[in-house]
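Undergrad: Structure below; questions to follow.
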Amino acid sequence: MDTRTPAGLNVAPLTTRGIGVRFFGVRGSIPVPGAGTLIYGGNTACVEIRVDGRLFIVDAGSGLASLGNTLVDGPEGSFDILLSHLHQDHIVGLPFFAPLYDPSRRIRIYAGNLGGQTPETALRTMFSPPLFPIELDHKAKHLDFIGFQAGETLRFDGGISVRTTPLRHPGGATGYRFDAHGHAVAYVCDFEHAGPAPESAMIDFVRNCDLVIYDTTFTVEDYVACMGWGHSTIEAGLALCAAAGAKRLAAFHHNPDYDDAKLAEIEALLEKVSPGSFCAREGQALDFNEIALSRARRGP
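Each residue of the sequence shown is one higher than the one before, starting from 0 at the first, in numbering that gives the first Met the number 0.
Written out as structure tokens, the structure is:
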């Protein structure tokens with residue numbers, strides 16, 4: 000199932016068997032609310048991913064506030080937040096994540112590539128005056144911070160494993176891959192490709208995925224002036240998916256300068272080159288399970 004909606008609208012619950020994906024923030028660098036972003040959305044990176052019903056939150060950009068509001072009255076007693084890295088646009092939503100202020104909920108925050116530090120060390124500065132009035136110490140009893148090295152496999156209850164990989168980005172970043180019942184979704188953001196041909200390590204990481212959520216900050220024309228910034232292109236994402244046999248590309252981490260009209264042009268190109276691929280928009284949901292996968296292969 001691929002449910003596309005204008006940004007901000009609610010969608011049906013995700014699958015409880017297989018992998019479900021819902022986008023709450025799809026922008027990069029800075030939130031861009033306004034008339035020009037009503038269709039695709041203006042919040043920064045935040046994705047809900049459910050594996051056999053278990054909730055994972057990937058990145059904590061400004062979209063996390065909206066995601067948190069959907070969880071306030073939900074049944075989950077704990078949340079796993081997997082951060083690609085700690086740049087501001089990927090963590091700015093944490094102070095506004097409503098379950099953070101519910102002591103009955105346990106929250107685990109994962110991040111890699113921190114030079115031996117835990118995410119707690121880095122986030123203490125964010126949760127302290129004068130940047131924010133509530134200090135992290137007040138929440139420590141129901142917060143766990145887990146550091147790891149990108150490339151490790153994270154293991155969770157229920158036999159769920161999440162593969163990770165290091166990504167090329169200033170200061171480093173981590174990609175995540177979720178597998179269940181022969182289906183797979185990869186999150187590759189923030190990332191800069193190395194050259195015209197996809198790298199073998201990245202091909203292996205996203206091989207045969209049903210969906211690759213990929214950093215497509217730039218068109219190939221705009222990328223020329225921005226090489227070394229740590230972001231990739233629509234064309235590089237398509238090339239990676241083709242080389243890896245991945246079925247769909249979700250263009251993600253949209254350039255804050257690209258309005259809805261520009262993204263619609265990009266989406267038309269994606270669907271022409273790779274039917275079923277798309278520009279991610281807030282509120283969009285996809286299910287990859289035994290029934291929905293056959294529909295997903297045909298495209299929306």
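Built from N, CA and C at the ideal position, the CB exists for glycine as well.
(1) Could you pull out every residue in the same chain whose Cβ sits closer than 6 Å to the Cβ of A279, ignoring the five residues on either side in sequence?
(2) Excluding sequence positions up to five away, which residues of its chain have a Cβ less than 7 Å from the Cβ of L262?
(3) Tell me which same chain residues have a C-beta within less than 7 Å of the C-beta of F126, skipping the five on either side of it?
(4) Give the DSSP bridge partners of L81, in chain order.
(5) Straight-line CA distance for T15 to E198?
(6) For R162, I'd like the list of residues in its chain whose CB is within less than 6 Å of its CB, leaving aside the five on either flank, ordered along the chain.
(7) May I ask you to report which of helix, strand or coil DSSP gives H230?
(8) What do you reckon, are the CB atoms on V31 and C45 nearer than 9 Å?
(9) According to DSSP, is Y213 helix, strand or coil?
(10) When the distance is taken between beta carbons, is S83 closer than 9 Å to A172?
(11) What are the start and end residues of the alpha helix (DSSP H) that includes A267?
(12) In angstroms, rounded to a whole number, what distance separates the CA positions of A284 and S65?
(13) Just to check my reading of the structure: T215 and I202 have Cβ atoms closer than 8 Å, yes? What is that Cβ distance to the nearest angstrom?
(14) If you draw a straight line from the C-alpha of L37 to the C-alpha of D189, how long is it?
(15) Here's the rule I'm using: 16 or more other beta-carbon atoms within 10 Å means buried, otherwise exposed. How should D286 be labelled?
TA: Let me spell this out:
(1) Start at 1 with the first residue of the sequence shown, and residue 279 comes out as number 280. The answer, listed in chain order, is F22, V25, A249, F251.
(2) Within the sequence shown, numbered from 1, the residue matching residue 262 stands at position 263. For L262, where only same-chain residues beyond five positions count, the Cβ hits under 7 Å are Y39, H253, C278.
(3) If you number the sequence shown from 1, residue 126 lands on position 127. These residues qualify, in order along the chain: P94, I133, E134, L135.
(4) Here the question's residue 81 lines up with position 82 in the sequence shown. L81 pairs with V57, Y109.
(5) As a first step, residue 15 is located in the sequence shown; it is residue number 16 there, counting from the start. As a first step, residue 198 is located in the sequence shown; it is residue number 199 there, counting from the start. If you take the alpha carbons of T15 and E198, they lie about 34 Å apart.
(6) Residue numbering aside, residue 162 sits at position 163 when the sequence shown is read from its first letter. Hits under 6 Å: T152, R176.
(7) Here the question's residue 230 lines up with position 231 in the sequence shown. Looking at H230 - three-state DSSP - the assignment turns out to be coil, as it is neither helix nor strand.
(8) In the sequence shown, counting from the first residue as 1, residue 31 sits at position 32. In the sequence shown, counting from the first residue as 1, residue 45 sits at position 46. Not closer than 9 Å, so no.
(9) Translated into positions along the sequence shown, residue 213 becomes position 214. Y213 falls in the strand class under three-state DSSP.
(10) Mapped onto the sequence shown, residue 172 falls at position 173. Mapped onto the sequence shown, residue 83 falls at position 84. A contact, by the Cβ cut-off of 9 Å.
(11) Within the sequence shown, the letter at position 268 stands for residue 267. Note, A267: alpha helix (DSSP H), 259-272.
(12) Taking the sequence shown and counting its residues from 1, one reaches residue 284 at position 285. Taking the sequence shown and counting its residues from 1, one reaches residue 65 at position 66. In a straight line, the C-alpha of A284 is about 15 Å away from that of S65.
(13) Residue mapping note: residue 215 aligns to position 216 of the sequence shown, counting from 1. Residue mapping note: residue 202 aligns to position 203 of the sequence shown, counting from 1. The pair is not a contact, with the Cβ atoms about 17 Å apart (cut-off 8 Å).
(14) Position 38 of the sequence shown, counted from the start, is the residue given in the question as residue 37. Position 190 of the sequence shown, counted from the start, is the residue given in the question as residue 189. Near 23 Å, if we compare the C-alpha coordinates of D189 and L37.
(15) In the sequence shown, counting from the first residue as 1, residue 286 sits at position 287. Counting Cβ neighbours within 10 Å, D286 comes out buried, since at least 16 surround it.
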